[in-house]
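Peer 1: Numbering (the working numbering), first residue to last: 424 to 871.
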Amino acid sequence: MLKSFILLVCLGLGGICCHAQEAVPYTPDEPGYHLGTLELARFCLQSGLISQGRALRAEVLKGSQDKGEREGAEKLAQDFDLTQPDAYTAKAWGEYLDRREALQSRRAESAWQALGKAGARHALSHDPGHVEARKAFGHEFLEGVGWLEPKEAQRLRPFVASIKDAPKDNPRKATWAEPFVVVGEHFTLVSDLPWWRVLRYVRLLDRFYEVFFEIAGEFIPRRKSINLIWCCAKAEDFIALSKAVEFPMTAEHEGAYLRWHGYSVINAQRADEVGRLNKAKDNLARTLFHEGTHRLVEMGICGRATAMEAWGNYMEAHGWIVEAIAVIFENLDIKDKGYTLASLEAQRTHCLGRMKKAGTAPQLAALFKQNTSEFGASQPYAVADKYAVAGSIAWYCIFIKKDSYRAAFFGLLIDQYRSDSTGRTFEQRFGLSLEEFENSWKAYALGK
Numbered sequence: 424m425l426k427s428f429i430l431l432v433c434l435g436l437g438g439i440c441c442h443a444q445e446a447v448p449y450t451p452d453e454p455g456y457h458l459g460t461l462e463l464a465r466f467c468l469q470s471g472l473i474s475q476g477r478a479l480r481a482e483v484l485k486g487s488q489d490k491g492e493r494e495g496a497e498k499l500a501q502d503f504d505l506t507q508p509d510a511y512t513a514k515a516w517g518e519y520l521d522r523r524e525a526l527q528s529r530r531a532e533s534a535w536q537a538l539g540k541a542g543a544r545h546a547l548s549h550d551p552g553h554v555e556a557r558k559a560f561g562h563e564f565l566e567g568v569g570w571l572e573p574k575e576a577q578r579l580r581p582f583v584a585s586i587k588d589a590p591k592d593n594p595r596k597a598t599w600a601e602p603f604v605v606v607g608e609h610f611t612l613v614s615d616l617p618w619w620r621v622l623r624y625v626r627l628l629d630r631f632y633e634v635f636f637e638i639a640g641e642f643i644p645r646r647k648s649i650n651l652i653w654c655c656a657k658a659e660d661f662i663a664l665s666k667a668v669e670f671p672m673t674a675e676h677e678g679a680y681l682r683w684h685g686y687s688v689i690n691a692q693r694a695d696e697v698g699r700l701n702k703a704k705d706n707l708a709r710t711l712f713h714e715g716t717h718r719l720v721e722m723g724i725c726g727r728a729t730a731m732e733a734w735g736n737y738m739e740a741h742g743w744i745v746e747a748i749a750v751i752f753e754n755l756d757i758k759d760k761g762y763t764l765a766s767l768e769a770q771r772t773h774c775l776g777r778m779k780k781a782g783t784a785p786q787l788a789a790l791f792k793q794n795t796s797e798f799g800a801s802q803p804y805a806v807a808d809k810y811a812v813a814g815s816i817a818w819y820c821i822f823i824k825k826d827s828y829r830a831a832f833f834g835l836l837i838d839q840y841r842s843d844s845t846g847r848t849f850e851q852r853f854g855l856s857l858e859e860f861e862n863s864w865k866a867y868a869l870g871k
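Rendered as structure tokens:
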């Protein structure tokens, strides 16, 4: 039962959408299907999103047999210089995602209108949040959580509370079978932690959201979405949950963001244990900020996507940068008024200090070749060292050398999620060789 409702949630995070009524082709072999893609390509090229424009143009040339569509794609190469570098901005990228999702919604609605219930799966392949298609499968929408099996929606609905209306005290003792479901302004937390802790973390996450976009919002757009976190108070429930969502973890894991589902699963017991060992102020908050960053980055770059599409960049080089952006927010200290973010978190600085003392450090060329899965494994260096190095590079680019490398860092981050991280060399992106960059970064981070 747990598995069924969890897997459904991942498919409906876009929420309830309004659909355009004008019919459009909804399969690639229909005449006119690729016209929408051509319009997206032209918008990207006009907006400085050159790599994405090229990719969409190539998609039309590869997939269309229509003479007019192919001629339209060829004309783009005459109207625009396709060799120009990208000029990413949050505004342009966000508008591209809006246009793409609107087109996909229209395709989904056309499939629904043409095929009815028989086209429900087809509609959802275009738009995971298509209301009628969801209802055709019997799913119910739960505010702040997403689409669920009816029994699961009914089970959780009595426990849903808005952070705006949540009382200071709640005498009910939650269990994982009957958790608290607190919907914040930007994040939803499902947890059996004590009520006061649930309220605390929802409020911290909502404020973290604002800090994230204060720092990254020039390049990463804000996207309206359900940002869902399942946070188990006990390791045994976390282990069962991880198996149910087909990503088995142990009691030693603090949690993970599962992009193919679109939510995070957290082991609060382990996070608290690590915090006590490291004498950390609030290690669970650190974990939530890390995984929350993954969610905001993915939604801002990829937008609403199906579960299969979310796997796109797992085999892409530069997997380090996916973790790098999350590591820099781990040491965020949110106060009653304002916040501080003065350095990497102590676990990361400890690793860097050990490297400095030993006079050794991972070679960046070896790290940068690794994809997301490879970067998360202890080859050829320990995972903890990899994360520390990745976070240090991100800090160096975003804060220390922001005038030189900030735009290049975020450009590479976006391209990694777009599965285009090798389209340009490091030198083309950063303006110097990797060896020169590595030497300057080491001088900053390790005193070499």
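Glycine included, C-beta positions come from ideal geometry on N, C-alpha and C. Here the structure is a predicted model, which means the values were calculated and not measured.
To test your reading of the DSSP string, which unbroken alpha helix (DSSP H) runs of 4 or more residues are found completely within the region 698-772?
Peer 2: With a minimum length of 4 residues, the continuous alpha helix (DSSP H) runs that stay inside the region 698-772 are 706-725, 743-750.
Peer 1: Rounded to whole angstroms, what is the Cα-Cα separation between residue 716 and residue 491?
Peer 2: So the alpha carbons of these two residues sit roughly 43 angstroms apart.
Peer 1: Got a sec, what are the start and stop residues for the beta strand (DSSP E) residue 584 sits in?
Peer 2: Element bounds for residue 584: 583-585.
Peer 1: Output the residue ranges of the beta strand (DSSP E) runs that lie fully inside the region 575-630 and measure 3 residues or longer, sorted by chain position.
Peer 2: Those beta strand (DSSP E) runs which fall completely within the region 575-630 and span 3+ residues are 583-585, 603-606, 610-614.
Peer 1: What residue does the alpha helix (DSSP H) around residue 856 start on, and which one ends it?
Peer 2: Segment: none, residue 856 is in no alpha helix (DSSP H) and carries neither H nor E.
Peer 1: My understanding is that residue 797 touches residue 726, with C-beta atoms under 8 angstroms, so please give their C-beta distance in whole angstroms.
Peer 2: Contact flag wrong, Cβ pair sits at about 26 angstroms.
Peer 1: Looking at C-alpha atoms only, which residue of 722, 582, 591, 617 is the closest neighbour of residue 606?
Peer 2: For the residues 722, 582, 591, 617, the minimum Cα distance to residue 606 belongs to 582.
Peer 1: How many Å lie between residue 705 and residue 690 at the Cα?
Peer 2: The alpha-carbon atoms of residue 705 and residue 690 are separated by roughly 14 angstroms.
Peer 1: Under a three-way DSSP split, which group does residue 640 fall into?
Peer 2: Coil at residue 640, not helix or strand.
Peer 1: Which one or two residues does DSSP pair with residue 650 in a beta bridge?
Peer 2: Answer is 610.
Peer 1: For chain D, check one thing: does any of its Cβ atoms lie closer than 9 angstroms to the Cβ of residue 463?
Peer 2: The structure shown contains no chain D, having only a single protein chain.
Peer 1: When the Cα atoms are used, what is the spatial distance from residue 660 to residue 599?
Peer 2: Each residue's alpha carbon lies about 7 angstroms from the other.
Peer 1: Between the Cα of residue 396 and the Cα atoms of 604, 597, 470, which residue gives the shortest distance?
Peer 2: Residue 396 lies beyond the range of the chain shown here (424 to 871); nothing can be said about it.
Peer 1: What's the C-alpha gap between residue 602 and residue 569?
Peer 2: Rounded to the nearest angstrom, the two C-alpha atoms are 16 angstroms apart.
Peer 1: Taking 9 angstroms as the cut-off, decide whether the C-beta atoms of residue 507 and residue 471 are in contact.
Peer 2: Contact flag set, yes.
Peer 1: Taking the continuous beta strand (DSSP E) assigned at residue 513, which residues delimit it?
Peer 2: It is not in any beta strand (DSSP E) - residue 513 instead sits in the alpha helix (DSSP H) that spans 513-538.
Peer 1: For residue 712 versus residue 688, is the C-beta distance shorter than 9 angstroms?
Peer 2: No; because the gap between Cβ atoms is not below 9 angstroms, this pair is not in contact.
Peer 1: Buried or exposed: which applies to residue 575, given that a residue is buried once 16 or more other Cβ atoms fall within 10 Å of its Cβ?
Peer 2: Burial call: buried.
Peer 1: Would a C-beta distance cut-off of 9 angstroms place residue 416 and residue 654 closer than the cut-off?
Peer 2: This structure cannot speak to residue 416, because the chain is shown only from 424 to 871.
Peer 1: Which partner residues does residue 563 have in the DSSP bridge list?
Peer 2: Its beta-bridge partners are 571.
Peer 1: Let's test the definition: count the other Cβ atoms within 10 Å of the Cβ of residue 852 and tell me whether it reaches 16, buried, or not, exposed.
Peer 2: Residue 852 is buried by the Cβ-count criterion.
Peer 1: Starting from residue 812, trace the alpha helix (DSSP H) in both directions and tell me its first and last residue.
Peer 2: Its alpha helix (DSSP H) spans residues 806-818.
Peer 1: Along the chain, where does the beta strand (DSSP E) that runs through residue 679 open and close?
Peer 2: Per DSSP, residue 679 belongs to the beta strand (DSSP E) from 678-681.
Peer 1: Rounded C-beta distance between residue 529 and residue 445? I'm assuming under 8 angstroms.
Peer 2: Confirmed, about 7 angstroms.
Peer 1: Considering only residues of the same chain and omitting the five flanking positions on each side of residue 567, which have a CB-CB separation below 6 angstroms?
Peer 2: Within the same chain, residue 567 has close Cβ partners 606, 611.
Peer 1: Inspect the CB distances between the region 507-519 and the region 482-499 and report whether three or more fall short of 8 angstroms.
Peer 2: With the cut-off at 8 angstroms, the region 507-519 and the region 482-499 do not touch.
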